[in-house]
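The numbering of the sequence shown is the UniProt record's numbering, which starts it at 1 and goes up by one. Input: a single structure, listed below in structure tokens.
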Amino acid sequence: MSTDHYGIRRRDGNASDAIAAILNPSEGHREKLKKKGITPKDYERENKLRIKLIQQKNREQRLHEEAAKREAFKLTRFKGVRPRVYKHEQENDESNGGYPFLRRGNSEPSLHSERTTSEQQQQQQSSLPPAFHRPEKAPTRVPLKEPVPSLEELEERNRELVAKMSLKERTDFVNSNAWEVIKKSPPTPARDAGLKSVQYNRSFGRIPKYLLERKEQWAREEEERRRNAPDPDCPPGMMLLDEDERLRTLRVLRKSLDEARLQINHLPLRIETPNQIRRKNALEAKLQEIEDAIKVFDRTKVYVAIPLEENDDVRSKTSEHSHSRVLSGAAA
């Protein structure tokens with residue numbers, strides 16, 4: 001620290017507190033607390049929780065007020081008293097109550113003025129507080145019984161019954177016989193009525209044996225024809241080499257390749273004499289020739305030249321075939 005001509009201390013760039021401020025810049029009060037190891041208070045989270053609590057209290061208070069409004073106002077000493085409306089309804093039920101029934105020998109219903117069980121239930125409910133009262137159900141009406149028939153009605157029913165019985169006796173046998181014949185199933189013919197008995201063959205639905213043998217013969221002929229058919233990829237004057245012969249030739253070539261490589265490896269490191277140079281060139285040419293032959297015989301199809309005798313036979317056959325085609329064309 002240095003002082004000016006007024007005697008005031010000035011802070012230099014090399015002061016320790018300036019260097020400390022550069023190395024550890026202060027970003028606020030919360031950063032200072034974190035550097036000291038104190039977790040600062042999360043005011044945002046506390047404000048959100050406080051708002052939620054206030055909203056919940058307001059919601060509960062609103063529900064409580066709505067429930068208080070819905071509850072009917074009633075003094076405490078009159079809570080167990082039954083309203084007069086129920087009393088008037090009970091009197092109306094007593095005046096109009098009773099079940100209709102039929103007297104003996106009379107078809108008009110009369111009323112029974114006996115007290116019902118619903119009135120007893122009302123009396124039991126009147127002693128309970130209003131919270132335990134249940135809504136009263138309308139009394140169910142008992143269905144009316146069928147009136148006792150009079151003597152005239154019985155005589156009329158008897159006449160109708162006699163008429164039905166007489167209709168049953170007067171049956172149309174012709175019509176009934178016709179319907180019986182129509183509904184009857186046709187009789188099955190007997191097997192011993194001069195007809196030959198039907199013989200069932202157990203091989204129904206199976207392919208005959210001669211057809212299976214014929215199919216196998218066709219398959220063999222097709223295979224033979226395909227085997228003897230000329231290869232369209234084969235150039236003229238060439239023939240397809242047999243697979244066994246191709247593999248045997250390939251084995252011989254690979255064995256010759258190993259021998260040629262062994263001979264090249266036995267050559268001296270310094271080749272100076274003309275004899276050594278000629279031997280090296282001959283071995284390299286032989287090695288290259290064997291490698292080219294191996295590439296050819298590695299193919300799936302190898303075509304070789306037809307021998308001279310076979311070539312003459314093939315030419316004669318082709319000439320005869322072409323001559324026959326010309327004759328058939330002229331005849332047509």
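Positions of the beta carbon are idealized from the N, C-alpha and C atoms, including for glycine. Remember, it's a predicted structure, so these values are computed and weren't measured experimentally.
- Contact between Ala260 and Lys286 is confirmed by a C-beta separation of about 5 Å, below the 8 Å threshold.
- The criterion of a C-beta distance shorter than 8 Å is not satisfied by Glu291 and Leu241.
- For the 8 Å CB-CB criterion, Gly237 and Ile294 do not form a contact.
- Glu213 has its alpha-carbon roughly 11 Å from the corresponding atom of Arg220.
- Assignment of Leu161 by DSSP, reduced to helix, strand and coil, places it in the helix class.
- According to the DSSP assignment, Ala305 belongs to the beta strand (DSSP E) that extends over Tyr303 to Ala305.
- For Leu269, no beta strand (DSSP E) run applies, since DSSP gives it neither H nor E.
- Taking C-beta separations shorter than 6 Å and ignoring five residues to either side along the sequence, the partners of Asp231 in its chain run Leu240, following chain order.
- DSSP places Leu63 in the helix class (H, G or I) of the three-state scheme.
- Taking a C-beta distance under 8 Å as the contact criterion, Pro40 and Lys34 qualify as a contact pair.
- The three-state secondary structure of Leu240, taken from DSSP, is strand.
- When the Cα atoms are used, Arg30 and Leu63 turn out to be separated by approximately 42 Å.
- The Cβ atoms of Phe297 and Arg227 lie no closer than 8 Å to each other.
- CA-to-CA, the gap between Ala68 and Asn47 works out to about 32 Å.
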